[in-house]
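Undergrad:
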Amino acid sequence: MAQSDQASSPKTKTAVSKLSVSPTTLSYSVNLDKATTETKHFNIKDTGTLALDVTVGVPISPDYKITSGGGSSTIASKGSLPVVVEFKPIGKGTYDGTIAITSGATSGKSTATVTLKGKARQKKPTPTATATATATVTATPTLTPTPPAPTPTPPTPTVSVTPTPSPSPTCTPRPSATPDIAHLVLISGGQASDGTPLNSAEVFNPATNIFTLTTNPMNDARYSQASAAINTSAGADVLVTGGFDPTGVAQSTEIFTGSTFVAGPSMTDSREGHTATAFNDDSTNVLIAGGQDAIGTVLNTAEISGTATSPMSTPRVNAATVLLAEPFSNTCPANAVITGGSNGVIPLQTAELFNPGTLTFTLTDDVSLGGSQMNAARAFHTATLLPNSGEFLVAGGEGVAGVAQASAEIFDVGTNKFTLTTALGGTDMTVARQKHTATAFGETMVLIAGGIDSSNNALSTAEVFDLSTNSFTAVGSMHSARFNHAAAILPNGKVLITGGEDGSENTLNTAEIFDPVTSKFTLTTDASLGGNNMNVARKLHTATRY
């Protein structure tokens, strides 16, 4: 009875900060015959109602290094801090270490320890100088247009697949990633207001906010194409692939060299609604995956430089692909993940990891990866890498009900698992969206703009995702509702939004720039920017920073 009386007594809740760390053990396994490092991460969370000050100590072992999230930080209430730890053994053996975490938590424990357990294996002797800069140690001496090749023996199911992108012994991380060289944005093709494909292209210069038509148009008019910047030490080009052309679905590709378009290698299949993903190494290799061909077949095929890879497990169109590295960040290519899309009937919940070393796709929920599917089926969604976090954001898209959804999820490169942002203490998007754009800026932010809502209304609204809280916050709206538009990050950290359709069957030639400092959009024609509109109204086009 006394217990019941006590339970019914009113209590005043005190605001507190609480420390939570997960996981508390990171286990690494590196085969030195194939890789020299492995990267994993843990999360520090504040599960209380007050902000939490934390300090992450230096690993007690020289074979481990914190690459992101170290030192002192303040975590917002219900927020989290990912801490990325790299294991780089000097030779085979067992390596143990710890990381001490201290905090100003006012409730519960104020300290924690993360245990590091690493094993390094090696059967072959250390590679000699017979390896070249453009091939792995075991690669054949014959150079082919395919990406840096695996060993001469075909891959078998017994080959272990590292959950995170691991460079081979000949790979060299660059001191800093160079995501573009020309500091310009190529706007290519698209669909005109009368529904016909466009062959025009224009270049946006962020220094002047001016769009200028290219000297020569594209060789083939196209929309629903896919483009990728080819960033090499020799210069910056843009590869434009497939799409709808005047005769149907194109198999052709072309390369913008900075002044004109030249024919590229034909693809193995005609494709529209596919993805094109440039690798992070110093090469011209681009992974082209999925899409729909000229007779309407949804494809499970993929290719690199006109050479077929192993097929995907599932045919996919209108999927989204993420490279698990920043552009131009290493001399060897990273893995990529293709998410969702439609099989031609329903949206898909599966995702697949592409390994450029073996040229194979593996479902993320395959036992060899130990990961998971997405938590929701999605097509016409976005997938956006969050730099240096070991994670990417999947947002919105058309679900199995055939309408836009507001849910979002985070893919963890260390575990190959997808987790809903709401399960991480965050929120869904403020508005359900599909056919929107998602553009990363800064280290932890993503701008979500426009699209179509669950009632098929075109949206002018925008919101920003913050990885530190796993939450979305509404920002200023665009000047026009837009879907099937294109966006690109600019060198100054602002985001360019171009064209699209406004929901009243108007194809737009306007463009606007989002400023993260003010959280507002400004038309490029505004007096404060002194720019112009695009020279041609277009939707279903591409905007590629190069």
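Start counting the sequence shown at 60; every next residue gets the next number (the numbering used here).
Even glycine gets a Cβ: it sits at the ideal position worked out from N, Cα and C.
If you're wondering where the values come from, they're calculated on a predicted model, not measured in any experiment.
#1: With distances taken Cα to Cα, identify the nearest neighbour of Gly107 among Gly130, Ala135, Ile119 and Ser81.
#2: May I ask you to report which of helix, strand or coil DSSP gives Met593?
#3: Relative to the C-alpha of Asp155, which residue among Glu560, Gly128, Gly130 and Ile119 is closest?
#4: Have a look at Leu526, Ala533, Thr528 and His495 and flag the residue whose alpha-carbon is nearest the alpha-carbon of Asn515.
#5: Within 10 angstroms of its Cβ, does Asp253 collect 16 or more other Cβ (buried), or is it exposed?
#6: Cutting at 8 Å between CB atoms, please list the residues of its own chain near Gly307, excluding the five before and the five after it.
#7: From the DSSP output, which residues share a beta bridge with Ala438?
#8: Could you tell me the boundaries of the beta strand (DSSP E) in which Ser579 lies?
#9: Could you give the uninterrupted runs of the beta strand (DSSP E) lying entirely in the region 265–325, keeping only those of 3 residues or more?
#10: Please tell me whether Gly456 and Ala438 are closer than 7 Å, where the distance is taken between their beta carbons.
#11: On the DSSP letters alone, give me the boundaries of the beta strand (DSSP E) that Arg492 sits inside.
#12: Verify whether the separation of the beta carbon atoms of Thr603 and Ile548 is less than 7 Å.
#13: What are the residues that DSSP puts in a beta bridge with Ile160?
#14: Should the region 101–116 be called in touch with the region 502–511, which here means at least 3 C-beta pairs below 8 Å?
#15: Relative to the alpha-carbon of Ile149, which residue among Ile246, Thr569 and Glu97 has its alpha-carbon at the smallest distance?
#16: For the beta strand (DSSP E) containing Ser466, list its first residue and its last residue.
#17: Compute the Euclidean distance between the alpha carbons of Lys178 and Ala465, then round it to the nearest angstrom.
#18: Looking at C-alpha atoms only, which residue of Asn264, Ser283 and Thr271 is the closest neighbour of Gly249?
#19: Please identify the residue among Phe580, Ile511 and Ala384 whose C-alpha is closest to the C-alpha of Glu450.
#20: Beta carbon of Ser86, beta carbon of Lys147: below 7 Å?
#21: Could you check if Leu257 belongs to the surroundings of the ligand NAP, using beta carbon to heavy atom distance under 6 Å?
#22: Closer than 8 Å is the cut-off here; do at least three beta carbon pairs connect the region 518–527 with the region 119–128?
#23: Does chain B have any CB closer than 7 Å to the CB of Leu582?
#24: Between Asn377 and the rest of its own chain, which residues show a CB-CB distance below 6 Å, the 5 nearest in sequence each way excluded?
#25: According to DSSP, is Ala482 part of a helix, a strand, or is it coil?
#26: Can you give the Cα-Cα distance for Phe315 and Phe101, rounded to whole angstroms?
#27: Around the C-beta of Gly167, are 16 or more other C-beta atoms found within 10 angstroms, so that it is buried, or is it exposed?
#28: Specify, as a first and last residue, the run of the beta strand (DSSP E) that Asn414 falls within.
#29: Can you list, in chain order, the residues of its chain whose CB lies under 7 Å from that of Phe500, leaving out five sequence neighbours each side?
#30: Looking only at its chain, what residues have a beta carbon closer than 6 Å to the beta carbon of Ala491, apart from the 5 residues adjacent to it on each side?
#31: Relative to the C-alpha of Phe531, which candidate in Gly510, Leu452, Ile158 and Ser369 has its C-alpha closest?
#32: Quick check: the Cα distance between His600 and Gln432, rounded to an integer number of angstroms?
#33: Leaving aside the five residues before and after Asn594 along the sequence, list all residues of the same chain whose C-beta is less than 7 Å from its C-beta, in chain order.
#34: In the DSSP assignment, find the beta strand (DSSP E) that holds Ile405 and state where it starts and stops.
#35: Leaving aside the five residues before and after Lys104 along the sequence, list all residues of the same chain whose C-beta is less than 6 Å from its C-beta, in chain order.
#36: Are the CB atoms of Ile405 and Val321 within a distance shorter than 7 Å?
TA: So, from the listed chains and residues:
#1: Among Gly130, Ala135, Ile119 and Ser81, the Cα nearest to that of Gly107 belongs to Ala135.
#2: coil
#3: Ile119
#4: Considering only alpha carbons, the answer is His495.
#5: exposed
#6: Ser329 and Ala353, listed in sequence order.
#7: Glu457
#8: Sequence check: residue 579 is Lys here, not Ser. From DSSP, the beta strand (DSSP E) with Lys579 extends over Lys579 to Leu582.
#9: Counting whole runs of 3 or more residues, the region 265–325 contains the beta strand (DSSP E) stretches 269–272, 285–291, 294–300, 312–315 and 320–322.
#10: yes
#11: First-last for Arg492: undefined, no H or E at that position.
#12: no
#13: Val115 and Ala171
#14: no
#15: Glu97
#16: Here Ser466 belongs to no beta strand (DSSP E), and DSSP marks it neither H nor E.
#17: 42 Å
#18: Ser283
#19: Ala384
#20: no
#21: Because no ligand of any kind appears in the structure shown, any question about the ligand NAP cannot be addressed here.
#22: no
#23: Protein chains in the displayed structure number just one, and chain B is not present.
#24: Gly332, Gly400, Ser401, Ala438 and Phe439
#25: helix
#26: 42 Å
#27: When all chains shown are included, Gly167 counts as exposed.
#28: Run containing Asn414: Ala410 to Asn414, per the beta strand (DSSP E) assignment.
#29: Leu506, Ile548, Gly552, Val554 and Pro575
#30: Ala463, Gln464, Ala465, Asp512 and Ser513
#31: That would be Leu452, whose Cα lies nearest to the Cα of Phe531.
#32: 30 Å
#33: Glu261, Phe270 and Leu272
#34: Note, Ile405: premise wrong, no beta strand (DSSP E); not H, not E.
#35: Ser79 and Ser139
#36: no
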